[in-house]
Structures are given as structure tokens and as C-alpha cells.
Amino acid sequence: MVKTIRQGMLSGIRMVLMPAMMSVLLLLPAVLSANDGLFEVRSASTRLNNGVYYLNATIDYQLSSQAIEAVDNGVPLTFDLEIEISRSRRWWFDPEIAQLKQSFELRYNALSRRYVVLNVNSGEQKSYSTLYAALADMGRLVDVLVVDTALIESGVSHYVRLRAVLDQQRLPGALQMLAFWSDGYRLESEWYSWTLND
Amino acid sequence: MDAKRLRRRANTALVLLALVFGLTAIFLLGQSTQNSDEFGRLQGAILLANLICAIVLMLLIIGNMFRLFKELRHKESGARLKGRMVLAFIGLGIAPMVLVYLFAAQFINRGIETWFDVEVERGLGDALELSRTALDQNLREELARTYRIAEFLPAPNDPELFPVLAELRRETEAIELTVFGEHHRIFAHTASTADVAMPEFPDKDMLRQLAAEGSVVRLEPVGEGGYQVRTLVALPAMRAGFRVHMLQGRFPVGEQLGPLADSVQQTFTRYSELSYLRDPLKQSLVLTLSLVLLVSLLTAVYGAFFFARRLVSPLESLVRGTKAVAEGDLDTRLPETTRDEIGFLVDSFNDMIVRLSVARAETRRSEQLVEAERSNLKAILAGISTGVVALNPDLTLRFANDAAGRILDTDFSNLTGRTLDEAAADKPLLKQFAEAISEPLSERCAVLREQIVLSNDQGRRVLICSSAALQGGETDESGVVLVFDDATALLQAQRDAAWGEVARRLAHEIKNPLTPIQLSAERIRRKFLDAESGEKAHLLDRATHTIVQQVEAMRDMVNAFSEYARAPQVNLSKVEINQLIVQVADLYPSLPDQPKLVLKLDDNLGAIDADGIRMRQILHNVIRNAFEALDGRSDGVVEIVTHFVPGEHGGQAEILVGDNGPGFAEEDRERLFEPYMTTKKKGTGLGLAIVRRLIEEHGGEVSVSAYTNDTGACVRILLPVENSKERPAAAAETPLPRERAG
Numbered sequence: 060m061v062k063t064i065r066q067g068m069l070s071g072i073r074m075v076l077m078p079a080m081m082s083v084l085l086l087l088p089a090v091l092s093a094n095d096g097l098f099e100v101r102s103a104s105t106r107l108n109n110g111v112y113y114l115n116a117t118i119d120y121q122l123s124s125q126a127i128e129a130v131d132n133g134v135p136l137t138f139d140l141e142i143e144i145s146r147s148r149r150w151w152f153d154p155e156i157a158q159l160k161q162s163f164e165l166r167y168n169a170l171s172r173r174y175v176v177l178n179v180n181s182g183e184q185k186s187y188s189t190l191y192a193a194l195a196d197m198g199r200l201v202d203v204l205v206v207d208t209a210l211i212e213s214g215v216s217h218y219v220r221l222r223a224v225l226d227q228q229r230l231p232g233a234l235q236m237l238a239f240w241s242d243g244y245r246l247e248s249e250w251y252s253w254t255l256n257d
Numbered sequence: 006m007d008a009k010r011l012r013r014r015a016n017t018a019l020v021l022l023a024l025v026f027g028l029t030a031i032f033l034l035g036q037s038t039q040n041s042d043e044f045g046r047l048q049g050a051i052l053l054a055n056l057i058c059a060i061v062l063m064l065l066i067i068g069n070m071f072r073l074f075k076e077l078r079h080k081e082s083g084a085r086l087k088g089r090m091v092l093a094f095i096g097l098g099i100a101p102m103v104l105v106y107l108f109a110a111q112f113i114n115r116g117i118e119t120w121f122d123v124e125v126e127r128g129l130g131d132a133l134e135l136s137r138t139a140l141d142q143n144l145r146e147e148l149a150r151t152y153r154i155a156e157f158l159p160a161p162n163d164p165e166l167f168p169v170l171a172e173l174r175r176e177t178e179a180i181e182l183t184v185f186g187e188h189h190r191i192f193a194h195t196a197s198t199a200d201v202a203m204p205e206f207p208d209k210d211m212l213r214q215l216a217a218e219g220s221v222v223r224l225e226p227v228g229e230g231g232y233q234v235r236t237l238v239a240l241p242a243m244r245a246g247f248r249v250h251m252l253q254g255r256f257p258v259g260e261q262l263g264p265l266a267d268s269v270q271q272t273f274t275r276y277s278e279l280s281y282l283r284d285p286l287k288q289s290l291v292l293t294l295s296l297v298l299l300v301s302l303l304t305a306v307y308g309a310f311f312f313a314r315r316l317v318s319p320l321e322s323l324v325r326g327t328k329a330v331a332e333g334d335l336d337t338r339l340p341e342t343t344r345d346e347i348g349f350l351v352d353s354f355n356d357m358i359v360r361l362s363v364a365r366a367e368t369r370r371s372e373q374l375v376e377a378e379r380s381n382l383k384a385i386l387a388g389i390s391t392g393v394v395a396l397n398p399d400l401t402l403r404f405a406n407d408a409a410g411r412i413l414d415t416d417f418s419n420l421t422g423r424t425l426d427e428a429a430a431d432k433p434l435l436k437q438f439a440e441a442i443s444e445p446l447s448e449r450c451a452v453l454r455e456q457i458v459l460s461n462d463q464g465r466r467v468l469i470c471s472s473a474a475l476q477g478g479e480t481d482e483s484g485v486v487l488v489f490d491d492a493t494a495l496l497q498a499q500r501d502a503a504w505g506e507v508a509r510r511l512a513h514e515i516k517n518p519l520t521p522i523q524l525s526a527e528r529i530r531r532k533f534l535d536a537e538s539g540e541k542a543h544l545l546d547r548a549t550h551t552i553v554q555q556v557e558a559m560r561d562m563v564n565a566f567s568e569y570a571r572a573p574q575v576n577l578s579k580v581e582i583n584q585l586i587v588q589v590a591d592l593y594p595s596l597p598d599q600p601k602l603v604l605k606l607d608d609n610l611g612a613i614d615a616d617g618i619r620m621r622q623i624l625h626n627v628i629r630n631a632f633e634a635l636d637g638r639s640d641g642v643v644e645i646v647t648h649f650v651p652g653e654h655g656g657q658a659e660i661l662v663g664d665n666g667p668g669f670a671e672e673d674r675e676r677l678f679e680p681y682m683t684t685k686k687k688g689t690g691l692g693l694a695i696v697r698r699l700i701e702e703h704g705g706e707v708s709v710s711a712y713t714n715d716t717g718a719c720v721r722i723l724l725p726v727e728n729s730k731e732r733p734a735a736a737a738e739t740p741l742p743r744e745r746a747g
């Protein structure tokens with residue numbers, strides 16, 4: 060009994076110390092907390108077909124060990140593909156013409172021991188036996204409808220940019236605070252931009 | 006003033022800011038306690054609100070601390086009390102807060118831990134395994150079914166393939182059956198739904214497994230919590246030359262088993278997620294708690310400053326007020342504060358100050374009254390000609406008026422507080438005065454009435470002095486006030502007038518019959534002396550001679566009286582007294598049976614202010630007196646000695662006329678200078694009286710003593726060298742006897 064209480068006290072103290080240590084960590088340069096996760100847009104292009112632009116892209120999703128651990132423990136992760144189309148302007152800010160977001164939800168199904176990827180936009184769901192297969196398939200975008208030519212002003216240069224982000228807002232509440240402090244959940248690619256070709 | 010107001014406004018703004026953000030944080034925290042997801046969403050805002058609140062509070066506290074330190078360093082009133090109160094409040098606030106915090110942290114920790122149970126976890130794992138086992142049976146059945154279907158299928162090129170496949174699908178209740186060829190080629194496809202979607206080609210894993218094992222079966226999650234069994238077998242045709250030729254089937258999971266298995270799966274997942282999330286959750290909660298604690302602590306610290314200042318400020322003003330009152334500022338009024346005991350204290354203080362200032366005003370008024378009285382008295386004392394000297398019980402000087410200074414020839418202005426003896430060190434008159442009064446005073450004889458005779462190089466002064474005890478002030482011991490008048494001139498004038506009157510009458514009454522007596526005697530002598538002879542003629546001659554001689558003597562005497570009565574006014578001029586003495590001495594030639602006249606003159610003695618004629622008379626009188634005293638003695642010596650006695654007002658000339666005659670009896674010396682006092686057989690007794698009158702007219706004094714060793718007589722004359730004729734004792738007021746005689 061005494062031991063339990065002491066352990067409780069000890070862990071209580073540890074709980075008190077933890078935020079302090081975490082705040083110390085916060086002050087350290089981000090380099091120190093080694094970020095083994097990396098999102099990268101490998102390639103992306105648009106093609107015009109019947110007055111509609113389609114996006115083809117390859118994205119390399121490398122999850123951090125923290126994120127992998129979370130997925131394996133049943134925490135669903137949401138990945139957002141943020142696509143923006145802007146008109147180039149010379150003297151002023153470029154106005155944004157269209158913006159869309161493709162969201163994928165990755166979760167582990169313990170019963171079938173499979174990783175399930177759900178395209179939130181289309182409701183399409185696929186399962187994979189490994190996490191890597193799931194991530195690789197998720198990173199392969201084929202003919203995603205982006206924008207109608209009606210929105211595109213002809214004769215003016217436009218550009219598209221794309222990035223992949225781990226959506227922290229969809230993380231369970233308890234993880235959000237951790238995500239706030241640690242880099243393990245701060246996963247996002249650089250913006251990848253290219254000119255919208257006719 | 007403006008800076009102060011600005012600072013106060015900034016302070017208020019900061020406090021409001023802290024309040025707003027603090028309340029926001031608390032509100033958000035309240036919202037977030039509903040569930041942990043809400044907490045996660047709101048925690049950014051909570052963090053921010055708390056941080057801003059904490060920073061603002063920190064600023065306020067730093068400002069307050071800075072102020073307190075400044076006050077402490079400048080030793081301002083109330084600063085130390087404030088510091089102590091702040092410490093006490095902080096201590097009181099922090100201790101329970103930290104305690105509660107520790108317990109809350111522990112509570113969170115243990116509370117979350119109690120959600121999880123190893124037994125439950127194992128049970129869930131077992132349930133999941135059970136589901137899998139149950140489903141495995143299902144999988145095996147579906148695989149067997151697929152194999153059977155495969156056996157019935159015709160060759161891929163056979164046009165019967167599709168109808169057979171469709172027929173088989175209906176029979177086996179498969180969801181979907183597809184025959185794939187090389188390069189994703191679909192030979193036949195049938196599905197239970199009208200889903201036009203393309204059948205999904207087996208992925209690499211499946212193909213690899215198919216190549217290795219000849220068949221694949223697996224459970225795939227589909228849609229919301231649904232499962233399908235997916236099977237893949239190589240078709241016999243594949244073995245017969247078609248490199249890739251396979252049948253893929255999809256089958257539903259048992260109607261009861263599916264939802265149950267999914268429920269188990271979901272529970273298991275939920276549990277393992279929660280279990281995984283407990284540490285982050287604990288950390289988040291404790292972090293939030295820490296932030297709230299931080300804000301609470303800072304609020305407590307700021308509150309400590311705030312309330313300490315609130316509590317101390319009336320005391321501060323009280324201290325300031327007390328200081329001001331102690332420094333004599335009675336116009337201080339403290340601002341009204343609260344309705345508690347401190348407010349009562351402040352009210353009482355204000356009342357006290359009002360009373361004090363009223364009392365002080367009254368005191369001042371009475372002081373002014375007393376001061377006015379005192380200055381009146383001073384003016385009166387300064388105006389009167391009577392000397393007034395007040396002494397303290399220890400005989401130190403308390404007060405002396407101008408007249409006292411004049412009479413005692415002393416400047417009293419800076420002698421206050423010193424004893425008379427000290428003050429009299431170089432002041433002969435004051436010294437004599439002090440000696441004269443010291444005895445009666447030391448005997449504590451409160452009332453004294455005495456005549457005091459003082460003398461200095463300006464002459465002698467007769468004071469009529471009386472004393473009275475002063476009313477003691479706070480002490481029982483009382484001082485003495487001495488009141489004295491210079492009665493020199495008055496007394497002298499009285500005496501002179503009396504004697505002048507006597508002399509005048511005498512002269513008048515006696516002188517008149519003298520001439521007829523003398524004439525009658527001479528006539529008798531002329532008529533009868535020649536007629537008679539013998540015995541008769543001799544008798545007649547002797548008798549008439551005696552009469553004439555006595556009348557002559559009487560006339561001399563009467564003349565002397567009238568001379569005394571006339572008391573001439575002296576006409577002062579510079580007289581070389583030594584020369585005068587030599588001239589007078591020449592008139593007394595040295596004869597064998599006459600006394601010898603010896604002169605011992607001081608060369609330092611120059612001219613003095615004197616009346617030459619009167620001085621001659623004085624000298625004649627004195628020398629004659631001496632010669633008469635030595636009559637009939639062959640060894641008689643008369644010695645005239647002069648000295649210069651240095652003094653404050655030009656000094657004095659001392660003339661001593663001594664003889665070795667019989668001298669004066671001790672008891673006669675006092676009265677030698679009174680008229681009709683003589684020790685000689687013949688003489689009017691007016692010689693020394695006249696001498697004294699003349700000398701007093703000169704402002705000098707004369708005394709008589711034994712010459713040497715109690716033998717002989719010595720007349721000592723002291724004359725001021727410089728006679729200003731300003732004799733303080735109102736010489737001019739004295740009526741001259743001669744005038745009165747006229």
C-alpha cells in the first residue's frame with residue numbers, strides 16, 4: 060500500500076517535472092529533437108483534358124517513429140494534400156483562384172492486421188498489408204481533378220502549388236498538445252509549385 | 006503628477022488585461038473539461054490566454070517589486086511593513102496552492118491510470134484473437150469454395166466463361182468473381198451489386214503469395230465497419246500454359262460474425278489508442294494545470310502586493326501624518342479611508358490634530374500675552390533709574406536692567422547665567438557689591454535692606470539696596486531680586502544741607518556780637534590802662550588782651566564755619582598735583598623745633614582734573630592738621646606721598662599725608678570727617694570736614710588710617726585723574742548748600 064502511494068507520488072512528481080522538461084526542450088533548437096519523419100513532393104504536374112485540369116503527383120510520405128507508433132496503436136492519422144492555384148501578378152499579390160484539399164485517413168485495423176487508407180473526399184477505401192504499401196499508394200496521385208478552365212483566365216500565367224501535411228487538428232486531443240511541443244507530429248512537405256500549362 | 010496618473014492608468018489597463026485573459030483561460034478550460042478532444046482543440050487558446058495573462062501579471066509584479074525595493078531603499082514610511090505583508094501573503098497563497106497542485110497532479114496521474122487494466126487489455130486481446138479464429142474458419146471455407154468454383158470454370162477463351170461465372174456467383178453467394186489474365190486483363194467479371202467500378206487487380210503481395218502458395222485468402226475491411234473475404238486462386242488453365250490466369254473472389258463475412266468482430270476490433274482499437282494516449286493526456290493535463298497554477302501563483306503574488314498596498318496605505322499616511330505633526334505641522338489632515346478600525350484610527354488622529362492645533366494656538370496667544378507683559382516690564386525696568394538685578398537660586402545672574410549696569414559700572418548684557426563673583430572678576434564696583442550682598446544672600450535672608458558703600462577710581466557710591474525673594478517657577482527654589490538706588494549724592498546733599506544750615510546760623514548768631522565785644526574790650530583798655538598802674542593795670546591789660554584774642558579766635562572759627570557753609574563749587578582744570586604739593590610744602594619752612602616735611606612724589610602722576618585753589622586749601626588743611634598733631638615734638642616727621650593708581654577711567658591720584666604723631670583712636674576714625682569733631686585742644690573741628698566736602702566735590706574720597714604700625718595718622722586722599730563731572734548719582738540735582746544759604 061505504502062509502496063503504491065510512494066509510486067504514485069513519484070509519478071506525480073514526474074508529471075510535474077515533465078512539463079518543465081518539455082518547456083526546456085521547447086527552448087532547444089529544433090535540430091536537437093531529431094525528426095526522422097519527412098514529407099516530400101517528388102513530382103507533380105497538371106494536364107488538361109476536356110476543359111478540366113487533372114493533377115498527377117508522387118509524394119513521399121515518411122512517418123516519424125512517433126507517428127508510426129501512434130498508428131500502430133490505433134490512432135488514425137489524417138493527411139492533407141493542399142493544392143492552390145494562383146494567378147501570377149507582377150506588381151501585386153497573386154490572387155488565389157482555387158484551393159482544394161484532398162484528405163486521406165490512415166488507420167490500422169487490428170482484426171485484419173491491415174492498414175486502411177480512406178480518401179475522405181471520395182469515400183474510397185483501400186487496405187494494405189503493410190504501412191509502407193499504404194503510404195506508397197497514398198502518395199501516388201493519378202488524375203485528381205483540380206480545376207475547371209472556366210476559372211482560368213486565358214493568356215495569363217497561373218501557377219499551382221502543392222504540399223502534403225499531417226493534419227494536427229484531427230489528432231486526438233491528448234496528442235495535440237504533444238504535437239504542439241514535439242516535431243514528431245509536425246510533418247509537412249515544402250510547397251511544390253509549377254506553372255499551370257494549357 | 007501626470008506621469009503618476011499615466012502610470013496608474015497603465016496599471017489599471019494591465020490589471021484588466023490580465024483579468025480578461027485569465028477569465029478567458031478559465032472559461033476555455035471549463036469548456037475543455039467536457040472531453041479530451043475539446044481540450045486538444047482549445048488548448049492552444051488556453052495556452053495563449055494563460056501565457057498572456059502570466060506575462061501581464063509578471064509585468065505588474067515586476068513593477069510592484071521594483072517600487073517596493075525603491076521604497077525600501079529610500080526607507081519610506083510603511084515600506085518595511087508592506088514588504089513583510091507581501092511576504093506573508095505570498096507565503097499564505099503559495100503554500101496551499103502548491104499543495105493542491107501536487108495533489109491534483111497526482112490525482113490526474115492515478116485517475117487516468119485507473120482507466121486501464123491489464124486484465125481488460127488481455128481480455129480484449131483474447132476477444133480479438135477469438136474473432137480472428139472464428140473468421141479464419143470462414144476464410145478457409147471461402148477459399149475452398151473458390152477452389153471449387155475454379156474447378157468448374159471453362160478455359161478463358163471459352164465464351165461460356167461469363168455465364169458459368171455468373172451462375173456460380175449466384176450459387177455461392179459471392180459478392181464478386183473475376184477472372185484475370187496477364188497485364189490486368191479481365192476475362193470475366195460478375196458482381197452482386199450494380200457497381201460498375203472496375204474490379205481491383207490483386208496487388209504485388211497477393212501475386213507473390215499466389216506464386217508461392219497457389220492461393221491467397223484474406224480478410225479486408227470494407228466501408229464503415231464491414232469486412233469482406235478476398236480470395237485468389239490460380240486457375241487450372243494457368244497451369245496449362247496461361248502464365249497469369251487466376252480467379253479472384255470476394256465473399257461477405259457471416260451476417261452475425263461480421264458486426265461482432267468489428268465491434269471487438271473497434272473496442273480493442275479504442276482501448277489501445279486510449280492506452281497509448283494516456284501519457285500524452287497526462288502530460289497535457291499536468292501542463293495545463295501547471296499553467297493554471299502559474300497564473301494563480303502570479304495572481305496570488307500580485308494580489309499580495311495589491312492588498313498589502315491597500316492595507317498599508319492608510320497606515321503610511323498615518324505615519325506620514327505623525328511625522329509631520331512631530332515636526333510641528335499641525336495643518337496635516339489624513340484622508341478618510343475605510344470604515345474599519347484603521348479608519349477609526351485615522352479619524353481619531355485627525356481629531357487629535359485639531360485639538361492639538363487649538364491648544365497650540367491658545368498657548369501661543371498666552372505666550373504672546375506673557376511676552377507683551379515681559380516687554381512692558383523690561384521697558385519699565387529699563388526706564389527707571391533704580392538698579393534691578395535678578396539672581397537665580399544658585400546666585401547666577403538672571404537679569405539686570407540698564408540702571409543696574411550704570412550704577413555698578415558693568416555691562417550686564419553678556420553676563421547672564423554667570424555668578425556674580427565670576428562676573429565681578431575685573432569689575433571693582435560689582436565685586437564690592439557682590440561681597441556686600443553675598444553674606445545676607447548666603448544666609449537665605451530673603452528680605453534685605455542695606456546701605457552699601459562702594460568705591461572705585463571714580464569715587465565712592467552709596468547704594469541703598471533691598472532684596473526680595475522671587476516667586477519660584479517650576480522649582481521650589483526661588484531666586485532673589487535686588488533693587489538698589491545710588492544714594493550717594495542724595496545722602497551727601499542731605500548732610501551737607503544740614504551742616505550748612507548749622508554753620509550759617511552759628512556764623513550769623515555769633516559773628517554779630519563779636520565786633521561790639523572786641524570794640525568794647527579795646528575801649529576799656531585804652532581808657533583805663535593808662536589811668537591805672539601797678540597790679541590793676543597788669544590785670545586789665547591781660548584781661549582785655551585775652552578778650553580781644555578770644556574774639557579774634559572766635560571770628561576765625563565763625564569764618565571757618567561760614568566757609569564750610571558756603572561749600573564752593575569747584576572749577577576743574579588741569580592741575581599738576583605734584584607741583585602743587587611742592588608749592589604748598591614750601592610754605593612750611595624747616596625749623597629746628599618744627600616737624601620735618603618729607604615729599605615722596607610719584608613721577609608717573611601727571612595733571613589731574615581739579616580746582617587748584619581748593620586743592621591748595623585741602624593740602625593746607627591736612628598738612629596743618631599733621632603739624633598741629635606734632636606740636637611740641639622735635640622728632641616729628643610729616644610725609645607726603647603721591648601715587649598713580651591705574652584704573653579703568655584714567656586712574657586715580659593717591660595722596661597720602663602721614664605723621665608720626667599720636668594718631669586717631671580707632672573709634673573716632675569713622676566720624677573724623679563730621680563737623681565739630683576734633684581731637685585737638687584747639688581747632689574748630691571743621692578742617693577735615695571741609696577737606697572731605699571739597700574732595701567729594703572733586704569726586705574723590707578721603708579716609709584716615711594709622712600711619713605705620715598703628716602709630717601716627719595717615720590721611721589718604723583719592724582723586725580721579727580724569728573727572729568728567731558726569732557723576733551718575735545726580736550731582737546736579739543736589740542743591741548746593743551755599744545757594745540755599747543765600
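Those sequence lines, one after another, are chains S and X.
At position 8 of the first sequence (counting the first as 1) the number is 67 in our numbering, and the numbers step up by one without a gap.
At position 508 of the second sequence (counting the first as 1) the number is 513 in our numbering, and the numbers step up by one without a gap.
We put the CB at the ideal spot given by N, CA and C, even for glycine.
Does the CB of threonine 22/S have a neighbour CB from chain X at under 9 Å? The structure shown has nothing for residue 22/S, since chain S only spans 60 to 257.
Please check the pair isoleucine 6/S and isoleucine 142/S, which I expect to be a contact at CB under 8 Å, by giving their CB distance rounded to whole angstroms. Any property of residue 6/S remains undetermined from this structure, which presents chain S solely from 60 to 257.
Note down, in chain order, all residues in the region 121-147 of chain S with a beta-carbon under 8 Å from any beta-carbon belonging to chain X. Flagged, chain order: Glu128, Ala129, Asn132, Gly133, Val134.
So which residues of chain S does aspartate 210/X contact, with C-beta pairs closer than 9 Å? Reading the second sequence from its first residue, position 205 is the one you call residue 210/X. Under the 9 Å cutoff, chain S gives Tyr187, Ser188, Thr189, Ala192.
Per DSSP, which one or two residues make a beta bridge with proline 226/X? Along the second sequence, read from residue 1 onward, the residue named residue 226/X stands at position 221. Looking at the DSSP output, proline 226/X sits in a beta bridge with Tyr232/X.
Could you spell out the range, first to last residue, of the alpha helix (DSSP H) harbouring valine 650/X? Indexing the second sequence from 1 puts residue 650/X at position 645. Unbroken run through valine 650/X is the beta strand (DSSP E), 642-650; no alpha helix (DSSP H).
Can you check which of these residues, Ile51/X, Gly505/X, Ile586/X, is closest to isoleucine 660/X by C-alpha distance? Translated into positions along the second sequence, residue 660/X becomes position 655. Nearest option by C-alpha distance: Ile586/X.
Is there a Cβ of chain X sitting closer than 9 Å to that of leucine 234/S, yes or no? Stepping through the first sequence from its first residue, residue 234/S is reached at position 175. True, the Cβ-Cβ gap to chain X drops below 9 Å.
For the region 151-171 of chain X against the region 121-138 of chain X, are there 3 or more C-beta pairs whose distance is under 8 Å? No, they do not touch.
Per-residue contacts from serine 353/X into chain S (C-beta, under 8 Å): Walking along the second sequence from the start, residue 353/X turns up at place 348. What serine 353/X touches in chain S: nothing, since even the nearest Cβ is about 51 Å away.
For a contact defined as C-beta to C-beta under 7 Å, what are the partners of asparagine 168/S on chain X? Position 109 of the first sequence holds residue 168/S. Those are Pro226, Gln270, listed as they occur along chain X.
So if I threshold CB-CB distances at 9 Å, which residues from the region 297-331 of chain X count as touching chain S? From the region 297-331 of chain X, no residue has a Cβ closer than 9 Å to chain S.
Does the pairing of the region 20-27 of chain X with the region 46-66 of chain X give three or more beta-carbon distances under 8 Å? Counting Cβ pairs under 8 Å, three or more are found: they touch.
What does glutamine 184/S touch in chain X if you count any residue whose Cβ is under 8 Å from its own? Mapped onto the first sequence, residue 184/S falls at position 125. The contacting residues are Pro226, Val227, Gly228.
How would you call histidine 217/S, buried or exposed, if buried means at least 16 neighbouring beta carbons within 10 angstroms? Residue numbering aside, residue 217/S sits at position 158 when the first sequence is read from its first letter. Buried.
Amino acids of chain X, ordered along the chain, whose beta-carbon sits closer than 8 Å to that of leucine 237/S: Counting from one through the first sequence, the residue named residue 237/S turns up at place 178. Within chain X, the residues near leucine 237/S are Pro285, Gln288, Ser289.
Three-state class that DSSP yields for proline 135/S in the structure shown: For this step, residue 135/S is matched to residue 76 along the first sequence. In the three-state reduction of the DSSP assignment, proline 135/S falls in the coil class, being assigned neither a helical nor a strand state.
Using a Cβ cut-off of 7 Å, which residues of the region 118-142 of chain X contact any Cβ in chain S, in chain order? Within the region 118-142 of chain X, the qualifying residues are Leu133, Ser136, Arg137.
Going along the chain, which unbroken runs of the alpha helix (DSSP H) with 4 or more residues stay wholly within the region 179-225 of chain X? DSSP runs (the alpha helix (DSSP H)) wholly in the region 179-225 of chain X: 209-218.
Identify which residue in Glu81/X, Leu487/X, Thr195/X has its Cα closest to the Cα of glycine 392/X. Within the second sequence, residue 392/X is the residue found at index 387, counting from 1. Considering only alpha carbons, the answer is Leu487/X.
Rank Arg72/X, Arg619/X, Tyr712/X, Glu653/X by C-alpha distance to the C-alpha of valine 662/X and give the top, closest one. The residue labelled residue 662/X in the question sits at position 657 within the second sequence. That would be Tyr712/X, whose Cα lies nearest to the Cα of valine 662/X.
Interface flag, glycine 49/X vs chain S, CB-CB below 9 Å: If you number the second sequence from 1, residue 49/X lands on position 44. Cβ-Cβ to chain S under 9 Å: yes for glycine 49/X.
Going by CA-CA distance only, name the one from Gly717/X, Gly704/X, Val575/X that's closest to asparagine 728/X. Locating residue 728/X in the second sequence gives position 723, counting from the first residue. Cα-wise, what sits closest to asparagine 728/X is Gly704/X.
What is the DSSP secondary structure of leucine 135/X, counted as helix, strand or coil? For the purposes of this step, residue 135/X is identified with residue 130 of the second sequence, where counting begins at 1. Helix at leucine 135/X.
Taking any Cβ of chain S, which residues in the region 56-79 of chain X have a Cβ under 9 Å from it, in chain order? Result list empty, no residue passes.
To which residues of the same chain is threonine 646/X closer than 6 Å at the C-beta, ignoring the five residues directly before and after it? Counted from its first residue, the second sequence places residue 646/X at position 641. The sequence given here places valine at residue 646/X; threonine does not occur at that position. Residues of the same chain with a CB within less than 6 Å of the CB of valine 646/X, apart from the 5 flanking positions on each side, are Lys605, Leu661 in chain order.
Enumerate, from N- to C-terminal direction, the unbroken beta strand (DSSP E) stretches of 3 or more residues contained entirely within the region 598-639 of chain X. Counting whole runs of 3 or more residues, the region 598-639 of chain X contains the beta strand (DSSP E) stretches 601-605, 612-615.
What residue range is occupied by the uninterrupted alpha helix (DSSP H) comprising aspartate 267/X? Reading the second sequence from its first residue, position 262 is the one you call residue 267/X. Its alpha helix (DSSP H) spans residues 262-331.
What are the partner residues of arginine 222/S, as DSSP defines its beta bridges? In the first sequence, residue 222/S corresponds to position 163, counting from 1. BP columns for arginine 222/S point to Glu141/S.
Just verifying my parser: in three-state terms, what is the DSSP assignment at alanine 89/S? The count along the first sequence starts at 1 and reaches residue 89/S at position 30. In this predicted model, alanine 89/S has a pLDDT of only 42, less than 50, meaning its place in the structure is not dependable; the value taken from the coordinates is given anyway. Of the three classes helix, strand and coil, the one that applies to alanine 89/S here is coil, per DSSP.
What is the DSSP secondary structure of alanine 377/X, counted as helix, strand or coil? On the second sequence, position 372 is the one that residue 377/X refers to. Here alanine 377/X sits in helix by DSSP.
Does DSSP put phenylalanine 438/X in a helix, a strand or coil? Here residue 438/X refers to the residue found at position 433 when the second sequence is read from its first residue. Helix, per DSSP.
For arginine 166/S, the residue or residues it bridges with in DSSP: Position 107 of the first sequence holds residue 166/S. By DSSP's assignment, arginine 166/S forms a beta bridge with Val175/S.
Under a CB-based cut-off of 9 Å, is proline 154/S close to chain X? Counting from one through the first sequence, the residue named residue 154/S turns up at place 95. At a cut-off of 9 Å between beta carbons, proline 154/S makes no contact with chain X.
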